[in-house]
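Residue numbers (my numbering), protein chains in the order written: chain Z, 1 to 247; chain H, 1 to 569.
Encoded structure:
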């Protein structure tokens, strides 16, 4: 029974389930072989091809990021470390490498995560959803039961409201985490990029962002993005210069 | 020996004959300007050249001469070059006569050339021929006569034309070297038509711009323009003509900037300016970037002005600045340049960003001015940043080899659980249905409990609901064909409904209620209902005791029953 529950939880908290999908790892293994041979560009290509097939995992993003780091592509490395972190936020290797990559770009001063992200960042959104909905559903069923059998109302009279309050708080945490993740559109500058005053190529240069600068996307205008970095510098860059989770 | 003989015989035949070639640049000039005539003697040494005749209305002045030595297919050749300035005195087309020279005892001549001289109206006919006013005019005016090198000054240009035939308005161009416009395409405005010398110019355009003198000396500033207009001077219907217009020359004295008291950091900026500087943020940790913004603004051009610099950037790592120039007037005489520079403190002992210095020459006071921005306070926390030999942060390779810096962890051997990225559970309907089901169960149970409690405290409502339930159920039985074929069952069902309703009306148990009971209860029914009720009781008695099923009128009985129930309600 315990094994069944663990298996069920694993499937539910995974980023997505593809029952019956051919989970061929040949591209992943080819990427690993190329990486160990020092052919980082080739390993990048293999890992990226695996991602393009649609099936992803935290180790896949981690390996791609590490290959990009060794290939000198800091922006790509940070982007995929962050993708890996979102899938497996408790992996210490991802934390470690992401910190090193950020140190390369920001000279030891990576962007500080917000308070909410620090509080909830140790679990994925799906984990928070399960943590919230399980007690919430149990609480609803408990309430239904004592309404059907009022004589059972005395049992757990103290624990029941506490349990319900905790379930509601956890639900709010899950909702805020979801809202925080969907409203916060982030990206990583890929290659040295010129920030412009306006969303046209003819617009004069404002300043330059280095490869790996982490930015927030404030506006989208066609193929141009208005992005802002941690020092509140803001400028328009072409979407090709920014790696985004939805791109 | 054979080779020597071959060379000795072949030399006179192998050498090309000497030639004298004349070139004229440009072949068309505006009156007041000069063209350059170059005579080149190839294949021999020409000690001098001379004109075969003296041209009219042209002044030829010797400029220079020279010799060139070159090796061509192993043979050494000498070329002579003579340069003249050709200055016309009037407009028109003039022939430059051939020149001649002696080479190796043989006279050689150049070809004659033609020089076209345009007057200020774009005509190449002498002014005494063009008597009537031209169909287009170009006028230029500037209020200054004397400027410093690098100083901006306003220029106003006026184009007057009869029936301008152009889709795009041409912009007058500067043809004087050492001077440039402040904007490539000056802003223009159209003015009302004007009459000059009896000619009505319908199209009058005013161009407002500025100019900058680039080199010292006395300049004759000239502007030119090509326009296509309708010329009505010879044809009453007009004839389309392309005119080359030249403005009257403006004499301008450009003064060099004084050398004495010139600051060391002077970069050639001339005008009157102010400087502001700011830094953001002013509380950082070592290694965190600070954005330094410097703004220069005032009268003058700042196109080529570099960012004001500090005496020393010790303790900071600086990045190349970016800049943006904006103009605050249409002539581009006043400008504002904003610089942005990222600086990174490398020490925690820093307390301020160094003062910035900017020097310019003020043409009004004729003095150099140096502006200083005060040192910007900054608070730097943290430990000293490690500095690589090149002064830049270490790259990825440096990280891997350094023992002090943590090494990046290696890749994973297994890909883990590969799965498609899908929307989070929190927005998947099937998942949201799980707690929603629990919530629905809770609301349902709650409603049921509340209903039960209500009915417990309201027995009349409970009985009414009970009677209605029995009535609905029994009426369904009465309306079925099976019941109507069985008179006793039909009558029993009718009696059941009647008793339940009468019992509820007189507040007694339904069992044992008869017509007599009802009469004793003082229940008042309308006469027709009373009669219907009596008929129903009679029907029951007949069915039960007389077994008179054949005479049973079920349709009439149901009608009576509905009437009684309606009135009892």
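Where is the CB? At the ideal position from N, CA and C, for every residue including glycine.
Residue environment analysis places residue 430 of chain H among the exposed positions, since fewer than 16 neighbouring C-beta atoms fall within 10 angstroms of its C-beta. Residue 253 of chain H is bridged by DSSP to H/146 and H/218. With contacts defined as CB atoms closer than 9 angstroms, residue 137 of chain H and residue 206 of chain H fail to qualify as a contacting pair.
Inter-segment contact for the stretch 82-89 of chain Z and the stretch 57-73 of chain Z is present: three or more beta-carbon pairs are separated by less than 8 angstroms. With a threshold of 9 angstroms between beta carbons, residue 372 of chain H makes no contact with chain Z. Put simply, the stretch 61-71 of chain H does not touch the stretch 140-158 of chain H. Fewer than three CB pairs are less than 8 angstroms apart. According to the DSSP assignment, residue 114 of chain Z belongs to no alpha helix (DSSP H), since it is labelled neither H nor E. The distance from the Cβ of residue 370 of chain H to that of residue 263 of chain H is about 5 angstroms, consistent with a contact at the 8 angstroms cut-off. Going by DSSP, residue 240 of chain H is part of no alpha helix (DSSP H) but of the beta strand (DSSP E) stretching over 239-246. Contact annotation: the stretch 311-327 of chain H touches the stretch 206-213 of chain Z, with at least three C-beta pairs closer than 8 angstroms.
For residue 215 of chain H, the number of other beta carbons within 10 angstroms of its own is below 16, and it is reported as exposed. Under the three-state reduction of DSSP, residue 536 of chain H is assigned to helix. For residue 64 of chain Z, the secondary structure class from DSSP, reduced to helix, strand or coil, is helix.
Of the candidates H/343, H/118 and H/269, H/118 places its Cα closest to the Cα of residue 248 of chain H.
Listed by position along chain H, the residues whose Cβ is nearer than 7 angstroms to that of residue 163 of chain Z form an empty set, because the closest Cβ is around 13 angstroms away. Residue 271 of chain H is positioned such that its CB atom lies no closer than 9 angstroms to that of residue 143 of chain H. Chain-ordered, the chain H residues with CB closer than 7 angstroms to the CB of residue 174 of chain Z read 426.
In the structure shown, residue 259 of chain H falls within a coil segment according to DSSP collapsed to helix, strand and coil. Among the residues facing chain Z, residue 336 of chain H is not included, as its CB has no counterpart in that chain under 9 angstroms away. Apart from the 5 residues on each side of it in sequence, residue 273 of chain H sits with its Cβ closer than 6 angstroms to the Cβ of 296, 298 and 360 in its chain, given in chain order. CA-to-CA, the gap between residue 185 of chain Z and residue 27 of chain Z works out to about 30 angstroms. Any Cβ of chain H closer than 9 angstroms to the Cβ of residue 224 of chain Z would place that residue at the interface, and such an atom is absent.
In the assembly as shown, residue 82 of chain Z is a buried residue. Its beta-carbon has 16 or more other beta-carbons within 10 Å. Counting the other CB atoms within 10 Å of its CB gives residue 115 of chain Z a total below 16, which places it among the exposed residues. A distance below 6 angstroms between beta-carbons, with the five flanking residues on each side excluded, links residue 478 of chain H to the following residues of its chain, in chain order: 493. Nearest to residue 200 of chain Z by alpha-carbon distance, out of Z/214, Z/217, Z/193 and Z/222, is Z/222. About 6 angstroms separates the beta carbons of residue 57 of chain H and residue 94 of chain H, which is inside the 8 angstroms limit, making them a contact pair.
Against chain H, a Cβ distance below 8 angstroms from residue 32 of chain Z picks out 411 and 413. Distance from the Cα of residue 44 of chain H is smallest, within the candidate group H/104, H/37, H/28 and H/113, for H/104.
Only those residues of the stretch 197-218 of chain Z whose C-beta falls short of 8 angstroms from the nearest C-beta of chain H are listed: 197, 204, 205, 206, 207 and 208.
Per the Cβ contact rule, the stretch 80-92 of chain H is not in contact with the stretch 233-241 of chain Z (fewer than 3 Cβ pairs under 8 angstroms).
For the stretch 444-471 of chain H, the beta-carbon criterion of a distance under 8 angstroms to any beta-carbon of chain Z is satisfied by 444, 445, 446, 448 and 449.
Relative to residue 195 of chain H, the option among H/517, H/522, H/535 and H/162 whose CA is nearest is H/162. Where residue 88 of chain H is concerned, the enclosing beta strand (DSSP E) starts and stops at 75-88.
Per DSSP, residue 213 of chain Z is not a residue of any beta strand (DSSP E), being assigned neither H nor E. Look at residue 410 of chain H here: in three-state DSSP terms it is coil, with no helix or strand label.
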